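A.B. asks: These protein sequences, in sequence, are chains A and B.
Numbering-wise (the numbering used here), the first sequence opens with residue 18 and increments by one.
Numbering-wise (the numbering used here), the second sequence opens with residue 511 and increments by one.
A virtual CB, placed ideally from N, CA and C, is assigned to each residue, including glycine.
Computed from a predicted model, the values in this text were never measured in an experiment.
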Amino acid sequence: MIQFRNIRKTYERPDRARLEVLKDVDGRIEEGAFAAVVGPSGSGKSTLMNILGLLDQPDSGTYTLNGREVTDLDPTERARIRNQDIGFVFQQFHLLPRTSAVENVTLPLVYSDVPDPEDRAVAALARVGLSDRLHHHPHELSGGQQQRVAIARALVNNPRLILADEPTGNLDAEVTEEIMEIFLGLHRAGRTIMLITHDSDLAARCTERLRIEDGRLFEEATV
Amino acid sequence: MKWRRNLRLSIRALAASKLRTLLSAAGVAVGISSVVVLLGAGAGAERAVQESLEQLGHNLLVINPSRIESSALRGEGAEGTTLRVEDWRALSRDVAGVLRTAPVVERPLLAQWGGDAVSVRVLGTTEAFARARNFSVAAGRFLDSHDEAQRSRVAVVGPVVVESLFRGESPIGEVVTINGVPFRIIGVTRKKGVYDGGNEDELVLIPVTTAMRRLVNVDYLTRIYVQTVSEEVSDGVQASIAAALRERHAIPANRPDDFHILDQEATIRARRRAGGSLSRYVPWLSALALVLGGVGLLAVSLMSVRERYAEIGLRLAVGALPRDVLAQFLIEALLVSSLGGFVGILVGSCGIFIGAALTRWPMELRADAVFYPLALSVGLAIAFGVVPAFRAARLDPIEALKSH
């Protein structure tokens, strides 16, 4: 599913010092895995996710997604893959304000030619249990409901890979559990999920754990 | 498909922030409405000049005798006596570039019919007068060369005379008495209105020969109309006329003319330009209003892009290409600007109608007063919307997603 080798990423800080965020990272996530990525703040978790999500490019290394080398694709093709094969869930939800749940979920379909976008959005919202909130605006929804709308948006194009960057970071324990249940359900349905989290309890319930520390990646043994 | 969805999203984004949308549209509307009013005023002024020229007759020179102090002493008013019938005949015969000429002997006199009397302006003239001065008859016929040769006592009267003396009944064939001389009415002129203080509809036109021999008994003319073949030859014809008249009147080189020549068309155009000295600033004011509207649009668009960094980042993340983002923000600018354009045209048109009704400033709404402003508002959107749109399209999705 996902295979990456010798990924390096260096940022230049404003004071011109070079910051090596990822130092020669290798890794592999199998189809259908539910992988947790853990590690201290600033260790490079988000950078890795941005690279794997084709939002960012590594300085060097190779990345194979669904058996295809994608490191050197042109921006149009990368955008198409983000649209079709990857679903993003962010800590901040990133829902459009003053826009209904259905329309928020429709957003990725604006950039692809699929028929009946509304029907798909309604179906995606049903999968996250929000059939009764279709036309609510974000400010009328709780944090957990907003994140569920965001998950529905990640699902609407039926991608094989879901990248979630601390999706429960802003939610309380009870709601975190609800969201985790949704991810576990998606996992059971065969979706490949990569979950960045600080929460070791959540990480413990995943099938794999990748720890990033000081720009290096370690696979932790599955319990 | 994609376009329609993008358009719908743009409309929703604009609807979501109504105040911002309305404010920037209002800026555009102010600029556009001022352009509409400007175009309306320009069209009205052009129409006014055309109407004056229609009333006066095209390419027309007017020769008047100079007023001479001593003539007042002779009890003949302030009228000059230097223009002779022979001068008129010589001008028609000898000066190149002249299309036609018409002599005029004019007197304010009393016209009587059936016990009523009204004061009228009696003009002794010729057949050519109708063409030169753009007169036409509404009923009957105009004076002809036969009337002139026979010194017939026939008259063509204006509609005001018909109204006041004949109560609107047809006067053709009736005999009206002017200064004790009976004239048979042969025609009625079409309504022309007031020009330069004189009512063109209260005239009584009679053959110039009849006027000079049978009515007022003078041998000089009040004025001569000269119609030139084109506007371009006007200056040359004026010079030729002046030279011919000076020679005929035997005026020594060191003496001034005893006549003067007026180019009415040039006068009207000059008057329009002079009247336009105020309106000279109007285009600049309009341009200023347009630029201010555009800057408003620019400021609001930039603000909108900044506020929506996270949204742009998200769109890029879920598969939007930079050109999709560019298109969306351009569409939004176009929608706002078109809205402003429509409102501006509406407000400007109302301004024209109100202005035309309340002031004497001539204004009218023409098709180009709608078309140009619409094109302008599209131009504004592109000129001032393209910078924010490019800024949005160039955003790095990771950076954009971080801002919230």
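For a quick check, are the C-beta atoms of residue 576(B) and residue 590(B) less than 8 Å apart?
C.D. replies: yes
A.B. asks: Cβ atoms of residue 69(A) and residue 180(A): under 8 Å apart, would you say?
C.D. replies: yes
A.B. asks: Quick one: Cα of residue 19(A) to Cα of residue 102(A), how far?
C.D. replies: If I take the Cα positions, the gap works out to 12 Å.
A.B. asks: Considering just the uninterrupted stretch of the alpha helix (DSSP H) at residue 40(A), what are its terminal residues?
C.D. replies: Per DSSP, residue 40(A) belongs to no alpha helix (DSSP H); it is in the beta strand (DSSP E), 35-46.
A.B. asks: Please list the partners that residue 111(A) has in chain B, where partner means a Cβ-to-Cβ separation under 7 Å.
C.D. replies: At a beta-carbon threshold of 7 Å, the residues of chain B lying near residue 111(A) are 820, 824, 911, ordered along the chain.
A.B. asks: Below 7 Å CB to CB, which residues in the same chain sit around residue 911(B) once its five sequence neighbours on both sides are set aside?
C.D. replies: 820, 823, 824, 827
A.B. asks: Which residues in chain B sit within 7 Å of residue 125(A), going by Cβ to Cβ distance?
C.D. replies: 828, 829
A.B. asks: When the Cα atoms are used, what is the spatial distance from residue 904(B) to residue 832(B)?
C.D. replies: 7 Å
A.B. asks: In this structure, how does DSSP classify residue 759(B) when only helix, strand and coil are distinguished?
C.D. replies: In the three-state reduction of the DSSP assignment, residue 759(B) falls in the coil class, being assigned neither a helical nor a strand state.
A.B. asks: Classify residue 651(B) as buried or exposed, calling it buried when 16 or more other Cβ atoms lie within 10 Å of its own Cβ.
C.D. replies: So residue 651(B) ends up on the exposed side.
A.B. asks: If you compare alpha carbons, which of 809(B), 573(B), 626(B), 661(B) is closest to residue 614(B)?
C.D. replies: Nearest in C-alpha terms to residue 614(B), of all of 809(B), 573(B), 626(B), 661(B), is 573(B).
A.B. asks: Spatial neighbours of residue 524(B) within its chain, please: CB distance less than 8 Å, with the 5 preceding and 5 following residues excluded, ordered by chain position.
C.D. replies: 531, 842, 845, 846
A.B. asks: Is it the case that the Cβ atoms of residue 571(B) and residue 798(B) are separated by a distance below 8 Å?
C.D. replies: When the beta-carbon positions are compared, residue 571(B) and residue 798(B) stay at least 8 Å from each other.
A.B. asks: Going along the chain, which residues of its own chain have a beta-carbon closer than 8 Å to the beta-carbon of residue 128(A), five neighbours each way excluded?
C.D. replies: 96, 100
A.B. asks: Tell me the DSSP secondary structure of residue 123(A) in three-state form.
C.D. replies: Looking at residue 123(A) - three-state DSSP - the assignment turns out to be helix.
A.B. asks: Please check the pair residue 747(B) and residue 634(B), which I expect to be a contact at CB under 8 Å, by giving their CB distance rounded to whole angstroms.
C.D. replies: Actually they are not in contact, since the Cβ atoms of residue 747(B) and residue 634(B) sit about 24 Å apart, beyond 8 Å.
A.B. asks: In terms of alpha-carbon separation, which member of 190(A), 205(A), 56(A), 184(A) lies closest to residue 233(A)?
C.D. replies: 56(A)
A.B. asks: Measure the alpha-carbon distance for residue 557(B) versus residue 641(B) and round it to whole angstroms.
C.D. replies: Those two C-alpha atoms are separated by around 21 Å.
A.B. asks: Using a Cβ-Cβ distance under 8 Å, would residue 27(A) count as near chain B?
C.D. replies: False, the Cβ-Cβ gap to chain B never drops below 8 Å.
A.B. asks: Count the other CB atoms, across all protein chains shown, that sit within 10 Å of the CB of residue 543(B); report buried if there are 16 or more and exposed otherwise.
C.D. replies: buried
A.B. asks: Please say whether residue 754(B) and residue 600(B) have beta carbons closer to each other than 8 Å?
C.D. replies: yes
A.B. asks: Could you give the DSSP three-state label for residue 586(B): helix, strand or coil?
C.D. replies: Confidence at residue 586(B) is low in this model, with a pLDDT of 48, below 50, so the placement of that residue is unreliable and no value is reported for it.
A.B. asks: Which residues in chain A have a C-beta closer than 8 Å to the C-beta of residue 517(B)? List them in chain order.
C.D. replies: Around residue 517(B), no beta-carbon contact reaches into chain A at under 8 Å, the shortest distance being about 10 Å.
A.B. asks: By DSSP, does residue 105(A) sit in helix, in strand, or in coil?
C.D. replies: Three-state DSSP puts residue 105(A) in a strand.
A.B. asks: Does the CB of residue 536(B) have a neighbour CB from chain A at under 8 Å?
C.D. replies: no
A.B. asks: Would you mind working out which of 874(B), 679(B), 907(B), 856(B) sits nearest residue 540(B), comparing C-alpha positions?
C.D. replies: 856(B)
A.B. asks: Are residue 53(A) and residue 212(A) close, meaning C-beta to C-beta below 8 Å?
C.D. replies: yes
A.B. asks: Please report whether the beta-carbon of residue 96(A) lies at a distance below 8 Å from any beta-carbon of chain B.
C.D. replies: yes
A.B. asks: For a contact meaning CB atoms closer than 7 Å, what does residue 115(A) contact in chain B?
C.D. replies: 526
A.B. asks: Let's test the definition: count the other Cβ atoms within 10 Å of the Cβ of residue 582(B) and tell me whether it reaches 16, buried, or not, exposed.
C.D. replies: Note that residue 582(B) has pLDDT 47, beneath the 50 cutoff, so the model's placement of it is unreliable and no number is given.
A.B. asks: Between the region 884-910 of chain B and chain A, which residues of the former have CB atoms less than 8 Å from a CB of the latter, in chain order?
C.D. replies: 907, 908
A.B. asks: Have a look at residue 689(B) and residue 725(B) and give me their C-alpha separation to the nearest angstrom.
C.D. replies: 7 Å
A.B. asks: Can a CB atom of chain A be found closer than 8 Å to the CB of residue 834(B)?
C.D. replies: At a cut-off of 8 Å between C-beta atoms, residue 834(B) counts as an interface residue with respect to chain A.
A.B. asks: Between residue 131(A) and residue 169(A), which are expected to be in contact by the criterion C-beta below 8 Å, what is the C-beta distance as a whole number of angstroms?
C.D. replies: That belief does not hold up - the Cβ atoms of residue 131(A) and residue 169(A) are roughly 15 Å apart, past 8 Å.
A.B. asks: When you compare each of 813(B), 816(B), 876(B), 850(B) to residue 888(B) by their alpha carbons, which one comes out closest?
C.D. replies: Looking from the CA of residue 888(B), the closest CA among 813(B), 816(B), 876(B), 850(B) belongs to 850(B).
A.B. asks: Should residue 235(A) go down as buried or exposed, given a rule of 16 or more other Cβ atoms within 10 Å for buried?
C.D. replies: exposed
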